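Have a look at the structure below before the remarks.
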Amino acid sequence: MINTLPLPELLAPAGDWECLKAAVENGADAVYFGLDRFNARMRAENFTVEDLPEVMAYLHRRGVKGYVTFNTLVFADELTAAEAYIRQIIGAGCDAAIVQDIGICRLIRSISPDFPIHGSTQMTITSSRGVAFAQHLGCHLVVLARECSISEINQIRQTVDLPLEVFVHGALCVAYSGQCLTSEALGGRSANRGECAQACRMPYDLVADGALVPLGDKKYLLSPQDLAGIEVLPELVASGVRSLKIEGRLKSAEYVANVTHIYRAALDRIADQQDSLVPEEDLYALAMSFSRGLSTGWFEGIDNQALVHARFGKKRGVLVGEVLEITAHKVLIRLAAPIRLAALIKPGDGVVFDQGHPDQSESGGRVYEVSLHGNTALLGFGRGDVDVKRLHPGDLVWKTSDPELDRRVRQSYSGDQVRYQRPLAIRVCGSVDQPLVLILRDEEGHQVQVQSTECLLPAHTHPLTTAKLQDQLGRLGNTPFYLGTLSNELVGEVLLPVSVLNRLRREAVLKLEAARTQPRQWRINAGDHSRTLPPLPRIPENTGELTVLVRDLVQLDAALNRGISRVYCDFEDPRRYREALKRDGEIWLATPRIIKSKEDGLLQQLQTLHPAGYLVRNYDSLTFFQGAPCRGDFSLNVANPLTAKYFMDQFDLTGLTASYDLNIQQLEALLTSVPASWFEVTIHQHMPMFHMEHCVFCAFLSTGTDYTNCGRPCETHEVRIRDRVGSEHVLKADVGCRNTVFNSRAQTGAEYAQRLIQLGVGSLRIEFVQESASEVQRVIRSYQQLLSGAISGRELWHSLQLQHQLGVTRGSF
């Protein structure tokens, strides 16, 4: 039964003070917020470290926990500043830090043995092994990837004992968090640094085998509907997850208040074993708060037809109906079924007319008057408010604004009134000729005691009964508390003036509030932790050698024919690996970027092939292949020496690939802070931008929902997605049917190659996607000439510009 499990924590976002208050007054158990550095929502207003004492005192007074988002990668030259931030976060009594960077997890644990670390969803944890990795790292809780279904969550919960958190509502990133390099590749704005440019919300065309696929008004191929787990909340509670997280640090206070209130009410209904059906008005309010369409995301499994409707990538609200006729200032619409939506349109509401071109300017405005006629409504607008000449029969009408709802929501947190209270357990003790003792205890175990200066008197009439005590002590008014339970332990019939009871109540409440607002006292270790030196360098035999990653046998043969000694194979069809390993040469196999708990078979298949080594891309592969030659790939997000040292020491890797988030200065800082020979730098590639569970092949080239019924169009079509400027980015599916979008333009660090070799970098890598054998050989030959000194980096740069139809870019370098 659900009621045998404790309710999960309800965790709300706070981008500023108003949002923080909105969350608290609507029943959040905890809030998460960012500071002005090292957080993944740099566009939010955020808080400062100077704000922390006041923020935490406010939250703790109200019985709410506060988690600081420290969920970005941290570069080598930032570790000193990061350590100072961490010490201030711990000193302010924050309840946890939400962390992405492996090195920062180790830094926190070296500073404090007990300060809680929550592994961010940016850590890309999708399996039991991933959770175990985080636990060994020192995490107290893990935020699972949004792509985990309830079935997968249950499986993880059965095999690990670390608390789990899942996102329950809000925007869905189409790419795995922590694995999206789109903003970095296209604009130098790293999502791993809190600067996501939301390229997934842009329109794209689908090009298959060189021809445009006619998709009508479906342009937003990578923009998922927003997540709404409200209707599967009983199953999530039953799964035993510790925390339910609402997305939205860039959203308004009204959004935070509304969504928090609705999920609080739903959780309370489950706790009380009431009907868990969600009221229609709550679903409406969720859609009006912010909605690109609402779905259960991946909670119920993969359905590529449902996740992305592709018609728009911005807030719409509620569908009202369809235009039938247009007059001078009025529009007749057929109301969308069910007819009850008619009651939702009223004067003052805002609407927009959808003509299938959301990327263009759209007509819309405030409704001035409404006349209902059966299943139609005549909407009137103020003169000049809506350009009706632009409207056509068949246009969809969306309600985007409800001022009445907004006013009601704002009332839930505006002003200084306390609206959400938490229960107190009160004990009253005493006997005749002794003082009355009043003991207050809150849900978190804080306890205070006060006693009267006056002694209790024998009561001949009107003794202090339980009912009278409840009446007087339950008058908690504008405090954070309400009376939960009262234990009357008075001996005999005694009396004390009401004024004394009231004074004791006020005194005890103030004392309890003071106790709650005391900063949490976390233990602190002594020492300087950000400059921990790694062990002595392990110098490889071939410093500065050239390696190559290929994606088919043709490219493999071309690379071997150019004398490349180490080649990584990253094939969509792993059945081809056996043939690849028959070639003479040092052949390594790349693991998938993502592994879920039921996908060990993919790793076992690679293990039986006994290659020269493995290019590992996730925590599962790190532990599964431990003992075999392994090199960590870029997806491990190694951006600072603490992360590098952890991976090298814990897993005995032969080397690491530097994070693709590093520009040349940041890369040099990393290479000079640890042995540069540990590292391989990808010097030439088409940046893997989106890596996603969402399968574009399945969604738009089939009628299937997943790999079981899609017909495998990925095996028969070459597909690209064309962006607004006409660039066509290659789309590939991997063995797990996950899609990767590769940048159309190649990125090169040719101009920096000699400097990297001088620093002692272990190897330089070239990666290919769809290049022919002749293109592979030409590119390899060019870099071989560069490394031999036959040509300069600048000469190679110009040569590559001429060789590639779209030219090349320095990209993240």
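Take any residue in the sequence shown, note its place counting from 1, add 8, and you have its number in this note's numbering. Even glycine gets a Cβ: it sits at the ideal position worked out from N, Cα and C. Nothing here was measured: the structure is a model prediction, and the numbers come from that model.
Problem set entry | CA-to-CA distance, residue 762 to residue 540, given in whole angstroms | In this prediction, residue 540 scores a pLDDT of 49, lower than 50, which makes its location untrustworthy; the coordinate-derived value is nonetheless stated afterwards. The alpha-carbon atoms of residue 540 and residue 762 are separated by roughly 29 Å.
Problem set entry | Three CB pairs or more closer than 8 Å across the region 398 to 415 and the region 354 to 365 | Proximity of the region 398 to 415 to the region 354 to 365 meets the contact definition, three or more beta-carbon pairs being nearer than 8 Å.
For this session: For the region 304 to 348, list the beta strand (DSSP E) runs that are entirely contained and at least 3 residues long, ordered along the chain.
Result: Correct list: 326 to 334, 338 to 343.
For this session: Using 10 angstroms around the beta-carbon of residue 688, count the other beta-carbons present and answer buried if the total reaches 16, otherwise exposed.
Result: Under a 10 Å Cβ-count criterion, residue 688 is classified as buried, with 16 or more other Cβ atoms of the shown protein chains found around its own Cβ.
Problem set entry | Closest by C-alpha distance to residue 465, when choosing among 36, 71, 508 | For the residues 36, 71, 508, the minimum Cα distance to residue 465 belongs to 508.
For this session: List the residues that DSSP assigns as beta-bridge partners of residue 73.
Result: Answer is 38.
Exercise. Can you tell me where the alpha helix (DSSP H) with residue 162 in it begins and where it stops?
Worked result: For residue 162, the uninterrupted alpha helix (DSSP H) segment begins and ends at 158 to 167.
For this session: Evaluate residue 287 with the Cβ neighbour count: other Cβ atoms within 10 Å of its Cβ, from every protein chain shown; 16 or more gives buried, anything less gives exposed.
Result: Sixteen is the threshold: since fewer than 16 other Cβ atoms of the shown chains lie within 10 Å of the Cβ of residue 287, the residue is exposed.
For this session: Could you have a look at residue 195 and say whether DSSP puts it in helix, strand or coil?
Result: DSSP, reduced to helix, strand and coil, places residue 195 within a helical segment of the structure shown.
Problem set entry | Residue from 222, 240, 569 whose Cα sits closest to the Cα of residue 710 | Cα-wise, what sits closest to residue 710 is 222.
Exercise. Considering only C-alpha positions, which residue in the set 326, 242, 266 is nearest to residue 282?
Worked result: Distances from the alpha-carbon of residue 282 to those of 326, 242, 266 put 242 closest.
For this session: Could you name the residues of the same chain whose beta carbon sits closer than 7 Å to that of residue 53, not counting the 5 residues immediately before and after it, in chain order?
Result: Counting only residues of its own chain and dropping the five nearest sequence neighbours on each side, residue 53 has a CB closer than 7 Å to the CB of 23, 24.
Exercise. From residue 250 to residue 592, what does the alpha carbon distance come to, in whole angstroms?
Worked result: Between the C-alpha atoms of residue 250 and residue 592 there is a straight-line separation of about 52 Å.
Exercise. Which one of 776, 758, 469, 650 has the shortest CA to CA distance from residue 87?
Worked result: Ranked by Cα distance from residue 87, the first of 776, 758, 469, 650 is 650.
For this session: Note down the Cα distance separating residue 240 from residue 364, rounded to an integer number of angstroms.
Result: If I take the Cα positions, the gap works out to 31 Å.
Problem set entry | Coil, strand or helix - residue 387 by DSSP | Secondary structure at residue 387: strand, using DSSP grouped into helix, strand and coil.
Problem set entry | Exposed unless 16 or more other CB atoms sit within 10 angstroms - verdict on residue 70 | Buried, since its Cβ has 16 or more Cβ neighbours within 10 Å.
Exercise. By the 10 Å Cβ neighbour count, where 16 or more other Cβ atoms means buried, how is residue 499 classified, buried or exposed?
Worked result: When all chains shown are included, residue 499 counts as exposed.
Exercise. When you compare only the Cα positions, how much space is there between residue 544 and residue 764?
Worked result: Because the pLDDT of residue 544 is 43, which lies under 50, any placement of that residue in the model is unreliable, and the question is left without a value.
For this session: Following the continuous beta strand (DSSP E) through residue 805, name the residue where it begins and the one where it ends.
Result: Unbroken run through residue 805 is the alpha helix (DSSP H), 801 to 811; no beta strand (DSSP E).
Exercise. Out of 180, 207, 566, which has the shortest C-alpha to C-alpha gap to residue 191?
Worked result: For residue 191, the nearest C-alpha among the options comes from 207.
Exercise. To the nearest angstrom, how far is it from the Cα of residue 742 to the Cα of residue 409?
Worked result: Distance between residue 742 and residue 409, taken at the CA atoms: about 42 Å.
Exercise. Looking at C-alpha atoms only, which residue of 693, 609, 675 is the closest neighbour of residue 555?
Worked result: Closest option to residue 555, Cα to Cα, is 693.
Exercise. Expressed to the nearest angstrom, what Euclidean distance is found between the alpha-carbon atoms of residue 257 and residue 644?
Worked result: If you take the alpha carbons of residue 257 and residue 644, they lie about 26 Å apart.
For this session: Answer yes or no: do residue 596 and residue 620 have a C-beta to C-beta separation smaller than 8 Å?
Result: Yes, Cβ-Cβ distance for residue 596 and residue 620 is below 8 Å.
Problem set entry | Nearest to residue 102 (by Cα), restricted to the options 115, 112, 78, 386 | The alpha carbon of residue 102 has as its nearest neighbour, out of 115, 112, 78, 386, the alpha carbon of 78.
For this session: Within the same chain, show all residues whose beta-carbon is closer than 7 Å to that of residue 549, passing over the 5 residues directly before and after it, in chain order.
Result: Only weak support exists for where residue 549 lies, its pLDDT of 45 falling under 50; the value from the coordinates is given anyway. Excluding positions up to five away in sequence, the list is empty.
Problem set entry | Assigned secondary structure, residue 677 (DSSP; H/G/I helix, E/B strand, else coil) | Looking at residue 677 - three-state DSSP - the assignment turns out to be helix.
Problem set entry | Expected contact under 8 Å - CB spacing of residue 601 and residue 483 to nearest Å | The beta-carbon separation of residue 601 and residue 483, rounded to 59 Å, does not stay under the 8 Å limit for a contact.
Exercise. Under a Cβ-count criterion, where at least 16 other Cβ atoms within 10 Å of its own Cβ denotes burial, should residue 784 be classed as buried or exposed?
Worked result: With 16 or more other Cβ atoms within 10 Å, it is buried.
Exercise. Which value, in whole angstroms, describes the spacing of the CA atoms of residue 808 and residue 774?
Worked result: Their Cα atoms are separated by approximately 13 Å.
Exercise. By Cβ distance below 6 Å, which residues in the same chain neighbour residue 104 in space, the five residues on each side in sequence not counted?
Worked result: Taken in chain order, the residues that qualify are 75, 124, 126.
Exercise. Where does residue 496 sit, in a helix, a strand or coil, going by DSSP?
Worked result: In this structure, residue 496 counts as strand in the three-state DSSP scheme.
Exercise. Between the region 657 to 668 and the region 147 to 154, do at least 3 Cβ pairs fall closer than 8 Å?
Worked result: Contact between the region 657 to 668 and the region 147 to 154 is absent, because fewer than three Cβ pairs lie under 8 Å.
For this session: Give me the Cα-Cα distance between residue 470 and residue 453, rounded to the nearest whole angstrom.
Result: Take the alpha-carbon of residue 470 and the one of residue 453: they are about 33 Å apart.
Exercise. Do you know how far the Cα of residue 821 is from the Cα of residue 1?
Worked result: Examination of residue 1 is not possible in this model, given that the chain is present from 9 through 821 alone.
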